[in-house]
Structures are given as C-alpha cells and as structure tokens.
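Peer 1: First the structure, then my questions, so here it is.
Numbering (full-length UniProt numbering), first residue to last: 1 to 382.
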C-alpha cells in the first residue's frame, strides 16, 4: 500500500494554525495540498499575493466562460447539446428546455445529475412523477428513462458520472445528519399525475451509449409502473435544504461543502453562511494549489464575493497546477471585515483527472480573466 512521505515540520516564521493568526510580516497564506484537501499539505506565508503575476503565456491558465451566451443549448433532447467540459469520468453540459418532451431519454453511460438553474417543471421517469424547482438537484440512476414537461422555461446544469454512480459523502465526526439529513431527500411518486400519462400510444426512448444515440420504439408508454420497492432510486434535494458546516474561528476548505461523490470527482455546493468572526481567522477562500484536481465553479445566484465581474450562469475553470484564490477586492474586504455574511450560491465540480474543453467554450471565454487578479490600477496600466 502506498503512503505519503509526510511529517510535520516548521521552517522560518509561520503560524501554528492553518488559515489563522498569520505572521505580521506576511498577510498572504498559500496552501499546497494533495488529494483535494484530504492529503498532506504545507502552508506558506508570503510577502506578496501568490496570484500577483504580471504576464502569462501558455495554455494552462484560469478561465472564465459566460455560458449565458451559448446558442446551441436550447435543443429538443438533452443529448443534442454540446459537451462543455469533460473527461473519462464525467461530462458537464448545460441544457435549456422550454417545450414538453414528446419522447423519453435514457443515459446508458452513467448516472446523471441535474441542477435546476432557472425555471420549474414536471419530471416523469420509471420511478414516477416529481416537480422540479429552481435550485433543485436531481440525481438519476443510469439507464432510467425520463422526460420533462416545463411549467416555465428551464435552464439545467447536467453532470454525468460516466460509468459510475452518485453517492453521499462520508460525514465523519459531524455525523450522518449534518449538512443535510438524508430524510430531506425526495423521490418520485406513483401519483395521479403519473397515472394520468399511462398511454397505449407509440412512444420512443432515445438511449445514449458512448455518445451515440439509439432509438427504441414501444407501442405504448413504457412509463407504466404501478409501484416499486428497493433502495435504488432518483433523489431530489434543494440547495436550501443544505445547512453548511461553519466555524467562527477557522475557514473550512471546499471539501467541507461536498454534496455528492462519484468515481474521480465530487460535486460541492456553496450556500449562504456567516463569515468567520474571530479576529485572527481568514475570512475569504485561501490561496491554494489544488495540484491533483481541476476545479469548475458554476455561479447560480447571489453576490459572488471572492470574484469580480461574475454574474449568475457564468463558469470559472481552474485547472490543476497553479495557485489561485480570491480577487484583490475580496481579499481586502476580508482584511477589513466589510462583510459579515455570504449570500452566494454556487455549484463546484472537482475532478481528479484533467478536463477537456468542448469546442464551443472558446466562443464564450473571457481571455482577460487570467489578469483579473491584478489590482485595479495595474489593470488600467495594461
């Protein structure tokens, strides 16, 4: 069995506690960590911001996409929208659905996680009927047939767990009922709305396998279950059901906000919470090298206090291999205690293996994002 070469050691002037009580000579802390905040880590104290670069060349760089500008995502079927970010373990798509689906879809490649960014609608699947609202997550097991009837236009983030399944994270010391109680999870129901769609009319199922579509035709509606029992089912939870872990004396890492786990990646949810009140505690996300994971952040709503010029529906993509952290304005606000509470909602995708960008990403990318860590006077000078 492999084991990290690790042992605690302190060199020079450093605080004993990570993310708190920094030395007076250096207000900038940088965490270099492995295994997505779960492995060994070292905390450096710097005289200058670790993101204070003046020039950047090469393909490895922080990226910002305005996916509100995508023009190819309002399709009849979710399998028609382009891949935005992907690797062998997961696929990230955005789908705009405004019309009642006249067919069923089924993902034979893996589990599908829907996050309802805008709108609401009725979802029908093998397991029954459920109403999806803005802010809902809905996890769909592999090879489940489903369709949507929007009640208002829907914008949906879709994250596929290719060849694996979604599970809940281990909650360790805080217990099974922390963050959200499993009793908060809803499942579809064999209700009157579901029974009303029983039909002897011809129906088709579009099955996706290896990104190829097969169509299966039935002389009836295959969503005809009269009941079911078992421990495999789609589940729904809204971000408003999440009660984030907090510490008034210590800034918790993003891993503390994990909502779902799958092979090779995790999905985290950042929801409103009080900001740390201890005078010595860091009050904004810390500068860090997450050198084993690519980080994707989808901004759902609110005031994204660690980023400038970010609107809902935008995405930032920080590949593994460089330091990143809060923008200068947010960092300064943290030092001056300007904010007491966050009001942002964001979905984070952290992947163990590198993500590839789909072709359409280049058309909605802000190429100047890499220089957004410069102070305002430096940005004007360039």
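Positions of the beta carbon are idealized from the N, C-alpha and C atoms, including for glycine.
Being a predicted model, the structure only gives us computed values, none of them experimental.
Just to confirm the assignment, what range does the alpha helix (DSSP H) spanning residue 383 have?
Peer 2: With the chain represented from 1 up to 382, any question about residue 383 goes unanswered, as that position is not in the structure.
Peer 1: Please classify residue 140 as buried or exposed, where buried requires at least 16 other C-beta atoms within 10 Å of its C-beta.
Peer 2: Counting from 1 along the chain shown, the entry for residue 140 is found at position 140. By the 10 Å Cβ count, residue 140 comes out buried.
Peer 1: Am I right that residue 116 and residue 156 are in contact with their C-beta atoms under 8 Å? What's the rounded C-beta distance?
Peer 2: The residue given as residue 116 occupies position 116 in the chain shown. The residue given as residue 156 occupies position 156 in the chain shown. Yes, residue 116 and residue 156 are in contact; Cβ-Cβ is about 6 Å, under 8 Å.
Peer 1: For residue 380 and residue 231, I'd like the C-alpha separation in whole angstroms.
Peer 2: On the chain shown, residue 380 is found 380 positions in, with the first residue counted as 1. On the chain shown, residue 231 is found 231 positions in, with the first residue counted as 1. The pLDDT assigned to residue 380 is 44, lower than 50, so where the model puts this residue is not dependable; a value taken from the coordinates is nonetheless given after this. For residue 380 and residue 231, the distance between alpha carbons rounds to 58 Å.
Peer 1: Tell me the DSSP bridge mates of residue 274?
Peer 2: The residue given as residue 274 occupies position 274 in the chain shown. Per DSSP, 341.
Peer 1: Between 46, 273, 225 and 276, which lies nearest to residue 188 when the distance is taken from Cα to Cα?
Peer 2: Counting from 1 along the chain shown, the entry for residue 188 is found at position 188. Comparing Cα-Cα distances from residue 188 to each of 46, 273, 225 and 276, the minimum goes to 225.
Peer 1: With a threshold of 7 Å on Cβ separation, who are the neighbours of residue 269 within its own chain once the five nearest residues in sequence on each side are excluded?
Peer 2: Here residue 269 refers to the residue found at position 269 when the chain shown is read from its first residue. Hits under 7 Å: 239, 242, 257, 259 and 347.
Peer 1: Start and end of the beta strand (DSSP E) containing residue 316?
Peer 2: By one-based count along the chain shown, residue 316 stands at place 316. 314 to 318 is the span of the beta strand (DSSP E), which, as asked, contains residue 316.
Peer 1: Is it buried or exposed, residue 100, if we count other Cβ atoms within 10 angstroms and call 16 or more buried?
Peer 2: In the chain shown, residue 100 corresponds to position 100, counting from 1. Burial call: exposed.
Peer 1: Measuring only the C-alpha atoms, how far is residue 161 from residue 318?
Peer 2: For the purposes of this step, residue 161 is identified with residue 161 of the chain shown, where counting begins at 1. For the purposes of this step, residue 318 is identified with residue 318 of the chain shown, where counting begins at 1. Looking at the two C-alpha atoms, the distance is approximately 20 Å.
Peer 1: Select from 287, 94, 7 and 67 the residue whose C-alpha is nearest the C-alpha of residue 29.
Peer 2: In the chain shown, counting from the first residue as 1, residue 29 sits at position 29. The candidate whose alpha carbon is nearest that of residue 29 is 287.
Peer 1: Would you kindly work out how many angstroms separate the C-alpha atoms of residue 285 and residue 372, rounded to a whole number?
Peer 2: Reading the chain shown from its first residue, position 285 is the one you call residue 285. Reading the chain shown from its first residue, position 372 is the one you call residue 372. Cα-Cα distance, rounded: 16 Å.
Peer 1: Would DSSP call residue 231 helix, strand or coil?
Peer 2: Numbered from its first residue, the chain shown carries residue 231 at position 231. Three-state DSSP puts residue 231 in coil, outside helix and strand.
Peer 1: Closest to residue 351 by C-alpha separation, out of 136, 299 and 291, would be which residue?
Peer 2: As a first step, residue 351 must be located in the chain shown, where it is residue number 351. Checking every option, the nearest Cα to that of residue 351 belongs to 291.
Peer 1: Hey, would you say residue 158 sits closer than 9 Å to residue 85, going by beta carbons?
Peer 2: What you label residue 158 is simply residue 158 of the chain shown in a count that begins at 1. What you label residue 85 is simply residue 85 of the chain shown in a count that begins at 1. Cβ distance not < 9 Å, so residue 158 and residue 85 don't count as in contact.
Peer 1: What is the rounded straight-line gap between the Cα of residue 137 and the Cα of residue 10?
Peer 2: Translated into positions along the chain shown, residue 137 becomes position 137. Translated into positions along the chain shown, residue 10 becomes position 10. For residue 137 and residue 10, the distance between alpha carbons rounds to 43 Å.
Peer 1: Starting from the C-beta of residue 134, find all residues in its chain whose C-beta is less than 8 Å away, skip the five residues before and the five after it, and write them out in chain order.
Peer 2: Position 134 of the chain shown holds residue 134. Same-chain partners within the cutoff: 116, 117, 118, 119 and 120.
Peer 1: Would you list the one or two residues that DSSP bridges to residue 348?
Peer 2: Residue 348 sits at position 348 when you count from the first residue of the chain shown. 268 and 297, per the DSSP bridge assignment.
Peer 1: Based on Cα-Cα distance, which residue from 205, 210, 228 and 227 lies nearest to residue 220?
Peer 2: Along the chain shown, read from residue 1 onward, the residue named residue 220 stands at position 220. Cα-wise, what sits closest to residue 220 is 205.
Peer 1: Within the same chain, show all residues whose beta-carbon is closer than 7 Å to that of residue 190, passing over the 5 residues directly before and after it, in chain order.
Peer 2: For the purposes of this step, residue 190 is identified with residue 190 of the chain shown, where counting begins at 1. Around residue 190: 128, 225, 226 and 227.
Peer 1: Going by C-alpha to C-alpha distance, which of 324, 302 and 235 sits closest to residue 296?
Peer 2: Within the chain shown, residue 296 is the residue found at index 296, counting from 1. The option with the nearest alpha carbon to residue 296 is 324.
Peer 1: Going by the beta-carbon positions, is the gap between residue 67 and residue 355 smaller than 9 Å?
Peer 2: In the chain shown, counting from the first residue as 1, residue 67 sits at position 67. In the chain shown, counting from the first residue as 1, residue 355 sits at position 355. Not a contact, by the Cβ cut-off of 9 Å.
Peer 1: Find out if the Cβ-Cβ distance for the pair residue 104, residue 123 is shorter than 9 Å.
Peer 2: Indexing the chain shown from 1 puts residue 104 at position 104. Indexing the chain shown from 1 puts residue 123 at position 123. Not a contact, by the Cβ cut-off of 9 Å.
Peer 1: How many Å lie between residue 382 and residue 193 at the Cα?
Peer 2: Mapped onto the chain shown, residue 382 falls at position 382. Mapped onto the chain shown, residue 193 falls at position 193. Summary for residue 382: the model assigns pLDDT 45, below 50, so the residue's position carries little reliability; its value from the coordinates is reported in the next sentence. Their backbone Cα atoms lie some 60 Å apart in a straight line.
Peer 1: In angstroms with no decimal places, state the Cα-to-Cα distance between residue 364 and residue 200.
Peer 2: In the chain shown, the residue the question calls residue 364 occupies position 364. In the chain shown, the residue the question calls residue 200 occupies position 200. C-alpha separation (whole angstroms): 45 Å.
Peer 1: Verify whether the separation of the beta carbon atoms of residue 277 and residue 340 is less than 9 Å.
Peer 2: In the chain shown, the residue the question calls residue 277 occupies position 277. In the chain shown, the residue the question calls residue 340 occupies position 340. Against a cut-off of 9 Å, the Cβ pair of residue 340 and residue 277 comes out as a contact.
Peer 1: Could you please give the first and the last residue of the uninterrupted beta strand (DSSP E) stretch that includes residue 111?
Peer 2: Within the chain shown, the letter at position 111 stands for residue 111. Unbroken beta strand (DSSP E) run through residue 111: 110 to 125.
Peer 1: Comparing the CB of residue 142 with every heavy atom of the ligand NAD, is any distance shorter than 8 Å?
Peer 2: The model depicted lacks the ligand NAD and carries no ligand whatsoever.
Peer 1: Out of 172, 367 and 60, which has the shortest C-alpha to C-alpha gap to residue 38?
Peer 2: Taking the first residue of the chain shown as 1, we reach residue 38 at position 38. For the residues 172, 367 and 60, the minimum Cα distance to residue 38 belongs to 172.
Peer 1: With a threshold of 16 other CB atoms inside 10 Å of the CB of residue 176, please say whether the residue is buried or exposed.
Peer 2: As a first step, residue 176 must be located in the chain shown, where it is residue number 176. It is exposed - the Cβ of residue 176 has fewer than 16 other Cβ atoms within 10 Å.
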